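Enquirer: Per full-length UniProt numbering, residue 1 is the first one in the sequence shown, and the count goes up by one each step. Glycine included, every Cβ here is placed at the ideal spot set by N, Cα and C. Predicted model only: the values in this text are computed from it and were never measured.
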Amino acid sequence: MSEAVTPAALDALFTGARTHNGWQARPVSDHTLQQVYDLLKMGPTSANCSPARFVFIRTPAGKEKLSPALSGGNLAKTLSAPVTAIVAWDSEFYEQLPALFPHGDARSWFTSSPQLAHETAFRNSSMQAAYLIYACRALGLDTGPMSGFDREKVDAAFFAGTTWHSNLLVNIGYGDSSKLFGRLPRLSFSDACQLV
Numbered sequence: 001m002s003e004a005v006t007p008a009a010l011d012a013l014f015t016g017a018r019t020h021n022g023w024q025a026r027p028v029s030d031h032t033l034q035q036v037y038d039l040l041k042m043g044p045t046s047a048n049c050s051p052a053r054f055v056f057i058r059t060p061a062g063k064e065k066l067s068p069a070l071s072g073g074n075l076a077k078t079l080s081a082p083v084t085a086i087v088a089w090d091s092e093f094y095e096q097l098p099a100l101f102p103h104g105d106a107r108s109w110f111t112s113s114p115q116l117a118h119e120t121a122f123r124n125s126s127m128q129a130a131y132l133i134y135a136c137r138a139l140g141l142d143t144g145p146m147s148g149f150d151r152e153k154v155d156a157a158f159f160a161g162t163t164w165h166s167n168l169l170v171n172i173g174y175g176d177s178s179k180l181f182g183r184l185p186r187l188s189f190s191d192a193c194q195l196v
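#1: Is R123 near V83, with beta carbons less than 9 Å apart?
#2: Excluding the 5 residues flanking P68 on each side, which residues of the same chain have their C-beta closer than 7 Å to its C-beta?
#3: Give the straight-line distance between the Cα atoms of D11 and V36, rounded to the nearest whole angstrom.
#4: With C-beta atoms as the reference, is A138 less than 9 Å away from L33?
#5: Tell me where the alpha helix (DSSP H) around L97 begins and ends.
#6: What do you get for M146, buried or exposed, if any count of 16 or more other CB atoms within 10 angstroms of its CB means buried?
#7: The alpha helix (DSSP H) that contains L33, what's its start and end?
#8: When you compare only the Cα positions, how much space is there between V5 and L70?
#9: Closer than 8 Å to a non-hydrogen atom of the ligand FMN - does that hold for the CB of D90?
#10: Using a Cβ-Cβ cutoff of less than 7 Å, which residues in the same chain neighbour K77 once the five nearest sequence positions on both sides are dropped?
#11: Provide the residue span of the alpha helix (DSSP H) that contains V154, from first to last.
#12: What residue does the alpha helix (DSSP H) around R123 start on, and which one ends it?
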């Protein structure tokens, strides 16, 4: 059994971490993005299916390509973020299963049920998006996840002719704490949980 992490680590990952809307003018290196991926890929997924695919947009040309798909409220903060990750899912993720899950014929579980394949890809890519956020936080980065975008426009601009489909966007960088909103409330244990 693993030991509990330190209170400082809990603060960095959960209690002190915030969703950022403004960014410092500090770049995020490609090496750091590689480190982020190398952490997040270790998070569990169903049968190790790992359906998430990531596009790290960090150039003006990339941001220009993305901007028509953004809602008005997300445009400025996304254009100013050092990196914006498109978290996508591969509808043919199961083609990697012979290598990722060699214990049995997991590929056939999904090729025989398009509905199961879709649900599995979307659910697990959403989990992998959370792993992305926590990997960023673990490496000292801040994030701003968003769902305010036109998925069809993103898919047409970035994934035309592929089996990838956008799920959500995550801005990544070093947050400007002067642009944070006040901490919003959370549901209590008794409001959100049941013990059965």
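Expert: Based on what the coordinates show:
#1: Their beta carbons are not under 9 Å apart, which means R123 does not touch V83 by this criterion.
#2: Scanning its chain for C-beta atoms nearer than 7 Å, with the 5 sequence neighbours on each side dropped, one finds around P68 the residues K153, in chain order.
#3: Between D11 and V36, the C-alpha separation is close to 19 Å.
#4: Against a cut-off of 9 Å, the Cβ pair of L33 and A138 comes out as no contact.
#5: Residues L97 to L100.
#6: By the C-beta density criterion, M146 is buried, having at least 16 other C-beta atoms within 10 angstroms.
#7: Here the alpha helix (DSSP H) through L33 covers D30 to L40.
#8: C-alpha separation (whole angstroms): 37 Å.
#9: Annotation note on the ligand FMN: not contained in the displayed structure, which lists no ligands.
#10: Same-chain partners within the cutoff: N21, G22, G144 and N171.
#11: For V154, the uninterrupted alpha helix (DSSP H) run begins and ends at R151 to F158, by DSSP.
#12: Unbroken alpha helix (DSSP H) run through R123: P114 to A138.
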